[in-house]
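Some notes on the structure that comes next.
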Amino acid sequence: MIEFIAVNMAPIMFASLIVFLLLGYPVAFALAANGLLFFWIGVELAPYSGGTIHLSWPLLNALPDRFWGVMSNDTLLAIPFFTFMGIVLERSGMAEDLLDTVGQLFGPIRGGLAYAVIFVGALLAATTGVVAASVIAMGLISLPIMLRYGYDRRVASGVIAASGTLAQIIPPSLVLIVLADQLGRSVGDMYAGALIPGLVLTGIYMAYVLIMTIVRPNSMPALPKEARSLGSGVTSLFIALLICAGVAYAAHVYLTPTYGENADILGATVGVAFIYAVAVLDKGMKINLMSRLAQQVIIVLIPPLALIFLVLGTIFLGIATPTEGGAMGAVGALAMAAAKGRLTMDVIRSALTSTTRLSAFVLFILIGSRVFSLTFYGVNGHVWVEHLLVSLPGGEVGFLIAVNALVFFLAFFLDFFELAFIIVPLLAPAADKLGIDLIWFGVLLGVNMQTSFMHPPFGFALFYLRSVAARVPYLDRVTGKQIAPVTTGQIYWGSVPFVGIQVLMVALTIMFPQMVMHYKGAGAGVDPNTIKIEVPGFGAPGQDNGGGLGLPGLQPPGGNPLDRKPADQGGGQQNPPANDLSQPPSFN
1 MIEFIAVNMA PIMFASLIVF LLLGYPVAFA LAANGLLFFW IGVELAPYSG GTIHLSWPLL
61 NALPDRFWGV MSNDTLLAIP FFTFMGIVLE RSGMAEDLLD TVGQLFGPIR GGLAYAVIFV
121 GALLAATTGV VAASVIAMGL ISLPIMLRYG YDRRVASGVI AASGTLAQII PPSLVLIVLA
181 DQLGRSVGDM YAGALIPGLV LTGIYMAYVL IMTIVRPNSM PALPKEARSL GSGVTSLFIA
241 LLICAGVAYA AHVYLTPTYG ENADILGATV GVAFIYAVAV LDKGMKINLM SRLAQQVIIV
301 LIPPLALIFL VLGTIFLGIA TPTEGGAMGA VGALAMAAAK GRLTMDVIRS ALTSTTRLSA
361 FVLFILIGSR VFSLTFYGVN GHVWVEHLLV SLPGGEVGFL IAVNALVFFL AFFLDFFELA
421 FIIVPLLAPA ADKLGIDLIW FGVLLGVNMQ TSFMHPPFGF ALFYLRSVAA RVPYLDRVTG
481 KQIAPVTTGQ IYWGSVPFVG IQVLMVALTI MFPQMVMHYK GAGAGVDPNT IKIEVPGFGA
541 PGQDNGGGLG LPGLQPPGGN PLDRKPADQG GGQQNPPAND LSQPPSFN
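One point on numbering: in UniProt numbering, the residue at position 84 of the sequence shown is 84, and numbering is uninterrupted.
Pasting the structure below:
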């Protein structure tokens with residue numbers, strides 16, 4: 001029995017960790033306690049393991065170095081920066097302004113509020129990167145409006161929760177930072193690879209809303225005319241965008257001789273800055289060149305878009321690292337909040353408190369995972385997992401299906417940080433051995449782990465929405481009508497279609513890997529059949545002596561020995577004089 005336990009320490013240790021987590025112990029302490037407990041057991045059972053356990057008490061001396069490796073990891077600095085940026089933006093009222101403005105823009109069409117929520121969810125994901133902030137903000141602001149104008153409660157709840165989870169996959173997602181760190185890959189590459197899948201997922205959400213407006217038109221009515229406080233003015237907005245494009249193109253042409261390839265970015269910056277300045281002056285001086293709708297859309301949308309470019313644009317262009325981009329984003333968020341007059345000490349204190357709490361949470365989980373991995377690797381756990389996964393039928397496809405099914409199942413019980421710190425390090429070596437690109441694999445897991453926010457009954461996005469949705473009937477402050485509450489069952493059922501969409505996105509990412517693999521760029525293709533290697537011989541420049549053993553102009557002492565002719569025995573031709581070995585050779 002002892003020998004059986006010793007040989008199978010790895011699966012027993014992994015199963016014990018799952019039991020610890022299901023019992024509700026904090027993740028960081030469960031990891032560390034499990035690692036230390038099985039370290040002691042492994043040391044005692046090492047003589048009975050037949051060489052499969054490589055643990056001894058001096059190995060614990062490696063823990064300080066492993067802890068220092070976590071604390072000195074520069075990549076993880078991006079987590080507090082992006083967290084601080086997202087919380088400051090959420091406190092600054094940016095989400096409220098975006099939802100109100102974009103809701104007015106899409107309001108005249110059926111399902112317009114749902115489109116607005118998805119669009120704003122994508123924008124918040126690209127600026128905040130924090131799921132909780134996005135879901136809570138949109139739940140507080142848009143859910144009462146959607147209920148006021150007759151939206152189906154399940155549809156409204158599902159759209160809000162799903163749109164908030166876009167912060168999981170659209171850069172600058174915190175999950176992508178952790179995945180890149182666990183997979184040993186660049187955060188910039190992970191961001192570039194996840195961008196298109198995130199946008200495609202946003203488009204599928206909108207396609208679902210479109211289908212629902214056709215199948216069940218009464219579930220998502222258009223805003224009534226009296227609710228459109230900004231009035232009409234889409235034509236004015238369209239003209240303003242054309243003028244912006246014209247100015248950008250003219251600036252591009254003017255700057256091309258001086259700045260070359262960077263002229264397109266500089267030209268676009270000039271065009272956007274020009275139309276933003278015109279809108280601000282038009283509103284401030286009441287010139288009324290634009291409609292109120294056009295003014296508000298330009299003034300509200302351009303600052304967050306500029307912040308997105310400041311953060312993601314500089315990372316993708318190679319100007320800044322993700323950590324530097326996060327620092328610039330934090331400064332930009334402070335500037336935006338100050339410009340709106342909402343930067344107070346309470347906002348800064350709240351943002352710093354939340355940032356410190358989340359950063360400490362991540363750091364403690366990482367330290368616990370280092371203790372766990374030290375023991376798990378010491379009992380050959382990585383070999384056990386690798387053999388288990390690589391030997392699955394179906395090769396690479398079978399591996400991807402099995403792994404995604406496992407992550408989908410575990411997402412019912414574990415959140416994304418737990419999955420990233422516990423499961424991903426075990427899966428990465430097997431994926432690498434099968435030749436799977438780890439950036440693609442990381443994005444695939446990120447899309448899959450997004451379902452952990454939407455799974456009933458443990459999805460965190462559902463909990464966030466439940467915390468801000470009405471639990472009892474209330475009087476609407478605009479219409480004066482009594483609004484029925486949103487039940488927990490309606491929130492859960494509303495999330496089910498979006499969980500299906502996320503599973504569909506996992507399948508699309510497997511079927512079309514180029515959505516992610518574009519991060520490598522289009523390298524110049526080389527035909528091996530066109531490669532020709534010529535090795536010159538000894539001799540003077542431009543002369544080939546036929547030796548094929550040296551470089552042009554390299555003349556050995558006494559000439560090329562291959563060019564020497566045998567002595568003429570009968571003609572009296574003398575052999576060349578012997579080389580003078582007392583002098584260094586001449587290469588002239």
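We put the CB at the ideal spot given by N, CA and C, even for glycine.
All values derive from a computational prediction rather than experimental measurement.
Residues near residue i by beta carbon distance below 6 Å, same chain, minus five either side
{"i": "L201", "result": "M505"}
{"i": "F14", "result": "none"}
{"i": "residue 593", "result": "Look at the range of the chain in this structure, 1 to 588, and you will see that residue 593 is not part of it."}
{"i": "L358", "result": "T83"}
{"i": "A180", "result": "V187, M190"}
{"i": "V424", "result": "Q182"}
{"i": "L307", "result": "T127, G332"}
{"i": "Q543", "result": "The pLDDT assigned to Q543 is 48, lower than 50, so where the model puts this residue is not dependable, and the model offers no usable value."}
{"i": "V120", "result": "L98, L99, V102"}
Residue span of the alpha helix (DSSP H) that contains residue i, given as start and end
{"i": "K283", "result": "263-284"}
{"i": "W68", "result": "63-71"}
{"i": "W57", "result": "Here W57 belongs to no alpha helix (DSSP H), and DSSP marks it neither H nor E."}
{"i": "V371", "result": "345-378"}
{"i": "T488", "result": "488-511"}
{"i": "P485", "result": "Where P485 is concerned, there is no enclosing alpha helix (DSSP H), given that its DSSP letter is neither H nor E."}
{"i": "G50", "result": "Here G50 belongs to no alpha helix (DSSP H), and DSSP marks it neither H nor E."}
{"i": "A320", "result": "Here A320 belongs to no alpha helix (DSSP H), and DSSP marks it neither H nor E."}
{"i": "A32", "result": "27-45"}
{"i": "R292", "result": "292-308"}
{"i": "residue 591", "result": "What is shown of the chain runs 1 to 588, which leaves residue 591 out entirely."}
{"i": "I170", "result": "No alpha helix (DSSP H) holds I170; DSSP gives it neither H nor E."}
{"i": "L410", "result": "395-410"}
{"i": "F458", "result": "Unbroken run through F458: none, as it is neither H nor E."}
7 Å CB neighbourhood of residue i in its chain, flanking five on each side removed
{"i": "P11", "result": "W384"}
{"i": "L143", "result": "A156, I160, A469"}
{"i": "T479", "result": "R148"}
{"i": "G198", "result": "L166, I169, I170"}
{"i": "A248", "result": "G267, A268, V270, G271"}
{"i": "Y48", "result": "I2, E3, A6"}
{"i": "A522", "result": "The predicted model places A522 with a pLDDT of 47, which falls under 50 and marks its position as unreliable; any figure quoted below should be read in that light. Nothing meets the Cβ criterion."}
{"i": "I501", "result": "I204, Y205, Y208"}
{"i": "G298", "result": "Contrary to the premise, residue 298 reads as Ile rather than Gly in this sequence. Contacts found: A240, I275, Y276, A279."}
{"i": "I243", "result": "I275"}
{"i": "I436", "result": "E396"}
Residues near residue i by beta carbon distance below 8 Å, same chain, minus five either side
{"i": "G378", "result": "F39, G42, I53, H54, L55, L59"}
{"i": "D65", "result": "none"}
{"i": "G571", "result": "Annotation note: pLDDT 46 at G571 (below 50); position unreliable, no value reported."}
{"i": "I18", "result": "none"}
{"i": "L281", "result": "I287"}
{"i": "T101", "result": "L230, Q296, V297, V300, L301"}
{"i": "F20", "result": "A30, A33, N34"}
{"i": "I25", "result": "Position check: residue 25 holds Tyr in this sequence, whereas Ile was assumed. So the list reads A33, once near-sequence residues are dropped."}
Check: residue i C-beta below 7 Å from any heavy atom of the ligand GTP
{"i": "R471", "result": "Here there are no bound small molecules, and the ligand GTP is not part of this structure."}
From the options, residue whose alpha carbon lies closest to that of residue i
{"i": "K283", "options": "V300, G267, R110, A132", "result": "V300"}
{"i": "V88", "options": "S173, A351, L438", "result": "A351"}
{"i": "Y519", "options": "G164, V187, G111", "result": "V187"}
{"i": "P368", "options": "P473, F512, G35", "result": "It should be noted that the sequence gives Gly, not Pro, for residue 368. Taking only the C-alpha atoms, the option nearest G368 is G35."}
{"i": "L123", "options": "P224, L98, G326, L179", "result": "L98"}
{"i": "A250", "options": "L241, A240, D264", "result": "D264"}
{"i": "F106", "options": "P221, G51, G184, G93", "result": "P221"}
{"i": "G150", "options": "F421, S373, D346, G111", "result": "G111"}
{"i": "G329", "options": "L305, L45, G158", "result": "L305"}
{"i": "H382", "options": "G326, A428, A337", "result": "A428"}
{"i": "V331", "options": "M85, F409, L242", "result": "M85"}
{"i": "A194", "options": "G51, A125, L45, T235", "result": "A125"}
{"i": "Q296", "options": "F498, G233, D346", "result": "G233"}
{"i": "M511", "options": "F463, F441, L307", "result": "F441"}
{"i": "R349", "options": "V371, R91, L22", "result": "R91"}
{"i": "V503", "options": "E386, V486, F408", "result": "F408"}
{"i": "Y115", "options": "F417, A411, L210, I483", "result": "L210"}
{"i": "F463", "options": "L237, S134, I109", "result": "S134"}
Check whether the stretch 256-264 and the stretch 63-78 are in contact - that is, three or more C-beta pairs closer than 8 Å.
The stretch 256-264 vs the stretch 63-78: no contact.
Touching or not, the stretch 73-86 and the stretch 312-332, by the rule of three or more beta carbon pairs under 8 Å?
Verdict: yes, contact present.
Can you list, in chain order, the stretches of the alpha helix (DSSP H) that have 4 or more residues and sit fully within the stretch 187-267?
Segments of the alpha helix (DSSP H) lying fully in the stretch 187-267: 187-215, 234-259.
Are there three or more Cβ pairs, one per stretch, closer than 8 Å when the stretch 472-486 is compared with the stretch 447-455?
Between the stretch 472-486 and the stretch 447-455 there are fewer than three C-beta pairs closer than 8 Å, too few to call the two in contact.
What are the uninterrupted segments assigned as alpha helix (DSSP H) that are 4 or more residues long and contained completely in the stretch 89-142, given in chain order?
Counting whole runs of 4 or more residues, the stretch 89-142 contains the alpha helix (DSSP H) stretches 94-106, 112-127.
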